[in-house]
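Residues 9 to 264 (my numbering) are what the sequence shown spells out, left to right. In this text, a Cβ means the ideal position worked out from N, Cα and C, and glycines have one as well. Just so we're clear, the structure is a prediction, and the values are computed from it rather than from any experiment. Notes follow the structure.
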Amino acid sequence: MRRPLVCGNWKMHNDLRGSLSLVKSLLLRLDPVWLDKVDVAVAPVFLHLSPVGKLLEGTPILLCAQDVFWEREGAFTGEVSPYMLRDVGCSLCIVGHSERRSYFGETDEGVNRKVKALISEGITPIICVGETLEEREAGRVFDVVGSQLDGALKNVECCTGNEFVIAYEPVWAIGTGRVATPEEAQEVHSFIRSRLEAMYGGVAREVRILYGGSVKPDNFASLISQEDIDGALVGGASLKSDAFSEIVKIAALEGC
Ligand code: PGA
């Protein structure tokens with residue numbers, strides 16, 4: 009069975025005090041009973057990984073980075089490596105987020121290099137895929153998502169189902185308040201699972217596929233109850249401890 013994962017992507021929000029107080033408030037609100045059933049992670053900005061990680065020590069909440077560079081070290085001004093993420097306690101890292109693809113020119117090839125570098129450092133990549141509104145309206149959802157998956161996973165092995173996580177995030181649903189319907193999301197999640205099955209066989213049934221895009225406490229139950237939706241990558245609602253805790257609770261009650 010797949011254990012649900014709920015990851016809060018804080019994006020470029022919070023000063024240090026804000027990040028620390030958000031973690032403290034989450035630690036008070038998250039019921040250990042839910043945490044027995046759900047993996048929970050938070051992804052602050054790079055600068056806050058280390059202090060946030062210190063507060064999370066000894067708790068089941070996982071530390072996640074929002075991006076990474078694929079080299080281990082060297083003359084790469086401004087970049088951070090998988091080894092450095094590991095060193096401050098990260099166990100997960102988001103790659104290929106649509107904001108990185110559209111604002112910073114991230115390509116499938118770059119995503120693939122990051123995925124391999126993370127896996128070899130023992131960090132689980134959360135690989136984001138998703139179509140724009142124009143692509144959806146042109147009937148190209150499966151083409152776009154399929155080729156993002158093929159690109160990201162080129163020469164990547166998958167033996168256990170825990171090597172990587174996929175996040176389906178339709179670009180038109182991110183930060184817009186316009187969530188995909190459970191049926192729209194499930195259709196793409198099931199397509200992703202069959203693509204993974206074609207690549208990796210039965211182990212694909214163990215890979216977690218998260219939904220992301222305007223997830224809120226009031227729309228999450230119907231999403232997580234879909235067969236191939238195994239959790240969420242949460243942006244806006246992860247910045248409020250009450251909303252994020254409620255989403256974790258729903259995953260614990262309704263999840264797979
Ligand atoms: P949102 O962001 O929940 O604010 O739509 C999701 C994401 O970008 O991961």
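Can you pull the DSSP bridge partners for residue i?
| i | result |
| --- | --- |
| Cys-167 | BP columns for Cys-167 are empty, so no partner. |
| Tyr-176 | Val-137 and Tyr-219 |
| Asn-17 | Ala-51 |
Can you have a look at residue i and say buried or exposed, based on whether 16 or more other CB atoms are within 10 angstroms of its CB?
| i | result |
| --- | --- |
| Gly-104 | buried |
| Cys-167 | exposed |
| Ala-83 | exposed |
| Ser-27 | buried |
| Ile-100 | Before going on, a small fix: residue 100 reads as Leu here, not Ile. The residue is buried, with at least 16 neighbouring Cβ atoms inside 10 Å. |
| Thr-25 | Looking at the sequence provided, one finds Arg at residue 25 rather than Thr. With fewer than 16 other Cβ atoms within 10 Å, it is exposed. |
When the Cα of residue i is compared with those of the options, which residue comes out closest?
| i | options | result |
| --- | --- | --- |
| Asn-120 | Gly-97, Leu-64 and Cys-136 | Cys-136 |
| Asn-22 | Val-96, Pro-12 and His-56 | His-56 |
| Glu-192 | Ser-106, Arg-144, Tyr-111 and Thr-184 | Arg-144 |
| Gly-185 | Ile-134, Arg-108, Ala-245 and Val-173 | Ala-245 |
| Val-196 | Leu-64, Gly-210, Gly-209 and Leu-218 | Leu-218 |
| Leu-261 | Ser-233, Leu-35 and Asn-17 | Ser-233 |
| Val-187 | Pro-225, Cys-72 and Pro-68 | Pro-225 |
| Ile-127 | Gly-138, Ile-102, Ser-110 and Thr-115 | Ile-102 |
How many Å lie between residue i and residue j at the Cα?
| i | j | result |
| --- | --- | --- |
| Phe-170 | Ser-198 | Checking the displayed sequence, the identity of residue 170 turns out to be Asn instead of Phe. Answer to the nearest angstrom: the Cα atoms are 18 Å apart. |
| Trp-42 | Ala-251 | 15 Å |
| Asp-95 | Gly-147 | 43 Å |
| Glu-107 | Asp-39 | 32 Å |
Under 7 Å: does the beta carbon of residue i sit that close to some heavy atom of ligand 1?
| i | result |
| --- | --- |
| Gly-209 | no |
| Ile-182 | yes |
| Ser-222 | yes |
| Glu-177 | yes |
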